[in-house]
Amino acid sequence: MIETPDAIILGAGAAGLMCAAQAGQRGRRVLVIEGADRPGKKILISGGGRCNFTNLHVAPDRYLSANPHFAKSALSRYTPDDFLALVGAYGIAWHEKTLGQLFCDGSARQIVDMLLDEVTKGGGNVACGHTITSVSHADGLFRVTTDSTTFAAPALVIATGGPSIPKMGASGFAYDLARQFGLKVVEPRPALVPLTLSGDDALFRDLSGVATEVNARAGKACFREAALFTHRGLSGPAILQISSYWRKGDAIGIDFLPDRAPGWLVATKAASPRATLRSVLKEALPDRLANTLADKLGLDGILAGQTDACLRDLERQLADWRFIPNGSEGFAKAEVTVGGISTAELSSKTMEAKRVPGLYVVGEAVDVTGWLGGYNFQWAWASGWAAAQSI
Ligand code: FDA
1 MIETPDAIIL GAGAAGLMCA AQAGQRGRRV LVIEGADRPG KKILISGGGR CNFTNLHVAP
61 DRYLSANPHF AKSALSRYTP DDFLALVGAY GIAWHEKTLG QLFCDGSARQ IVDMLLDEVT
121 KGGGNVACGH TITSVSHADG LFRVTTDSTT FAAPALVIAT GGPSIPKMGA SGFAYDLARQ
181 FGLKVVEPRP ALVPLTLSGD DALFRDLSGV ATEVNARAGK ACFREAALFT HRGLSGPAIL
241 QISSYWRKGD AIGIDFLPDR APGWLVATKA ASPRATLRSV LKEALPDRLA NTLADKLGLD
301 GILAGQTDAC LRDLERQLAD WRFIPNGSEG FAKAEVTVGG ISTAELSSKT MEAKRVPGLY
361 VVGEAVDVTG WLGGYNFQWA WASGWAAAQS I
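Numbering (UniProt numbering), first residue to last: 1 to 391.
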């Protein structure tokens with residue numbers, strides 16, 4: 001164990017391990033203190049056990065933050081290609097699943113092992129199973145007291161992530177620490193999370209298990225991916241993505257037939273006047289969903305019996321079906337957290353706190369949240385790397 005480290009990194013997750021590896025390889029003596037019994041637990045369960053470790057289409061506009069420019073510097077200096085080069089050097093096989101999402105062919109364990117190997121190469125130590133009881137700062141040193149000892153170093157990196165999935169030990173520890181040092185925190189809320197339905201919309205819960213490709217919208221954000229009905233409401237990649245933009249009380253709009261151009265139902269009436277709306281919907285959508293939509297629209301007659309204006313109105317409803325979720329499944333099911341330690345407090349180049357020299361914040365603890373699909377790990381790698389260049 002390093003007794004007098006140059007930097008103490010709190011949290012052996014994605015960002016903390018990357019930071020430790022890079023800083024160590026730059027000649028810094030680093031000690032990582034981890035509360036869990038082993039490092040990288042979220043990496044291990046990520047991407048269904050195969051870790052969607054980056055995305056080929058990483059760009060700053062695919063991240064949410066109170067300051068949309070903040071992530072640019074780190075993301076441009078440590079890119080998906082840089083991480084791929086590392087993965088390649090370890091001979092880890094990977095594949096693109098969809099939409100630029102890169103996964104291990106084998107297991108997420110390979111990514112954790114690679115990061116730990118990189119930490120070891122830099123001479124760093126990872127100490128697991130430590131409960132941190134206090135952190136203080138005096139005389140140019142940060143002192144971290146755990147249940148067994150006190151460590152001190154001139155630099156401290158907060159890499160303890162966000163509060164999503166508390167049953168894995170995730171908590172608001174990073175925010176408490178930030179507040180202790182006088183840093184502002186942007187109200188955290190669950191993101192990449194299933195949404196719940198009640199009232200009239202609850203009827204859709206009978207469709208639990210039905211999935212279809214949609215356009216999901218909230219405000220200006222729109223995602224074309226699969227939506228899945230669940231026994232509590234809505235999930236699937238399109239909904240997880242839109243959940244990051246959704247605010248309580250807002251409606252989300254679903255286009256159930258994203259490939260149909262305006263006027264399609266009128267054209268269908270001309271081509272097949274005796275078809276029913278139900279039969280037409282069944283050609284495009286899963287049967288159970290088609291039936292529910294047809295029931296809700298209350299139309300059972302043939303298309304020929306409807307005016308063009310009425311059909312255009314139906315088209316509009318199917319293209320922008322409004323759900324008003326009554327909430328989300330919360331941090332218990334959220335993949336990430338929107339909000340976090342304010343970027344206004346940090347240098348975008350080094351991730352160092354402007355008002356507390358020597359204090360750094362990296363990864364999910366920062367108010368930077370990526371889309372679904374490897375974007376969040378890329379932020380963890382890039383922000384961890386950026387801090388490592390400075391400590
Ligand atoms: P991370 O959570 O990885 O690490 C924080 C570390 O700090 C943990 O090891 C934790 O135990 C430790 N810690 C917390 N409190 C502490 C304390 N008080 N004392 C000491 N240690 C403490 N992203 C992606 O890009 N692709 C994907 O495939 C997935 N898949 C995925 C699946 C699931 C189920 C979840 C929940 C999340 C994902 N993510 C994802 C998101 C991704 O896991 C997340 O964005 C990164 O792990 C964030 O990296 P950090 O290092 O910031 O936090």
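The beta-carbon is built from N, C-alpha and C at its ideal position, and this holds for glycine as well. Treat the numbers as computed from the prediction; the structure is a model and nothing was measured.
Near the ligand FDA: residue i beta-carbon under 6 Å from a heavy atom
| i | result |
| --- | --- |
| Ser-235 | no |
| Phe-142 | no |
| Gly-374 | yes |
| His-329 | Reading off the sequence shown, one finds Glu at residue 329, where the question assumed His. No - the ligand FDA has no heavy atom lying nearer than 6 Å to the Cβ of Glu-329. |
| Ile-165 | yes |
| Val-157 | no |
| Ala-59 | no |
| Val-135 | no |
| Asn-387 | In the sequence on display, residue 387 carries Ala and not Asn. No, the Cβ of Ala-387 stays beyond 6 Å of every heavy atom of the ligand FDA. |
| Thr-160 | yes |
| Phe-173 | yes |
| Ser-244 | no |
| Glu-364 | yes |
| Glu-118 | no |
| Gly-13 | yes |
| Asn-326 | no |
| Ser-46 | yes |
| Gly-169 | yes |
| Gly-124 | no |
| Ile-9 | no |
| Ala-21 | no |
Counterpart residues of residue i in DSSP-defined beta bridges
| i | result |
| --- | --- |
| Ser-65 | According to DSSP, which records beta bridges pairwise, Ser-65 is partnered with nothing at all. |
| Gln-101 | Asn-55 |
| Thr-145 | Ser-134 and Thr-150 |
| Thr-276 | Ile-302 |
| Ser-235 | Leu-228 |
| Gly-370 | Tyr-63 |
| Thr-120 | Answer is none; Thr-120 lacks a bridge partner. |
| Leu-125 | According to the sequence shown, residue 125 is Asn rather than Leu. The partner list for Asn-125 (beta bridge, DSSP) reads Leu-31. |
| Asp-6 | The partner list for Asp-6 (beta bridge, DSSP) is empty, contrary to what the question assumes. |
| Ala-85 | None, per the DSSP bridge assignment. |
| Asp-255 | Asn-215 |
| Ile-341 | Val-185 and Val-366 |
Simplified DSSP state of residue i, which is helix, strand or coil
| i | result |
| --- | --- |
| Ile-92 | coil |
| Gly-47 | helix |
| Ala-365 | helix |
| Asp-200 | helix |
| Phe-331 | coil |
| Ala-211 | strand |
| residue 477 | Outside the displayed range of the chain (1 to 391) lies residue 477, so it cannot be described from this structure. |
| Glu-315 | helix |
| Cys-19 | helix |
| Tyr-175 | helix |
| Tyr-375 | helix |
| Arg-189 | strand |
| Val-356 | coil |
| Gly-12 | Before going further, note that residue 12 is Ala rather than Gly in the sequence given. Note: Ala-12 maps to coil in three-state DSSP. |
| Ile-391 | coil |
| Ala-221 | strand |
Closer than 7 Å to chain C by CB, residue i
| i | result |
| --- | --- |
| Asp-206 | Chain labels in this structure do not include chain C; a single protein chain is all it has. |
Rounded straight-line distance, which links the Cα of residue j to that of residue i
| i | j | result |
| --- | --- | --- |
| Thr-146 | Leu-207 | 49 Å |
| Thr-160 | Gly-298 | 52 Å |
| Ala-387 | Glu-345 | 14 Å |
| Leu-285 | Thr-212 | 7 Å |
| Pro-39 | Gly-13 | 6 Å |
| Asp-250 | Gly-233 | 15 Å |
| Leu-10 | Ser-279 | 58 Å |
| Arg-77 | Ala-270 | 57 Å |
| Asp-320 | Asp-313 | 11 Å |
| Thr-337 | Met-18 | 20 Å |
| Arg-50 | Gln-306 | 51 Å |
| Lys-220 | Trp-379 | 23 Å |
| Leu-102 | Trp-385 | 20 Å |
| residue 392 | Leu-115 | With the chain represented from 1 up to 391, any question about residue 392 goes unanswered, as that position is not in the structure. |
| residue 398 | Gly-358 | This structure cannot settle anything about residue 398, because the visible part of the chain is limited to 1 through 391. |
| Phe-204 | Lys-72 | 40 Å |
| Thr-4 | Asp-139 | 15 Å |
| Gly-169 | Ala-36 | 7 Å |
| Asp-113 | Ser-243 | 32 Å |
| Ala-227 | Phe-142 | 47 Å |
Query raised in the report: Between the stretch 24-41 and the stretch 50-66, are three or more C-beta pairs nearer than 8 Å?
Result: no
Report task. Answer yes if the stretch 328-337 comes into contact with the stretch 188-202, meaning at least three C-beta pairs across the two stretches below 8 Å, and no otherwise. Result -> yes
Query raised in the report: At a cut of 8 Å, does the stretch 247-264 reach the stretch 160-174 through at least three beta carbon pairs?
Result: no
Query raised in the report: Would you call the stretch 106-114 and the stretch 29-46 in contact, with 3 or more CB pairs under 8 Å?
Result: yes
Query raised in the report: Taking one C-beta from the stretch 115-131 and one from the stretch 300-309 each time, how about it: are there three or more such pairs within less than 8 Å?
Result: no
Query raised in the report: Would the stretch 358-377 and the stretch 58-71 be scored as touching if the rule is three or more Cβ pairs under 8 Å?
Result: yes
Requested in this report: Take every Cβ of the stretch 87-97, pair it with every Cβ of the stretch 129-148, and state whether three or more of those distances are shorter than 8 Å.
Outcome: no
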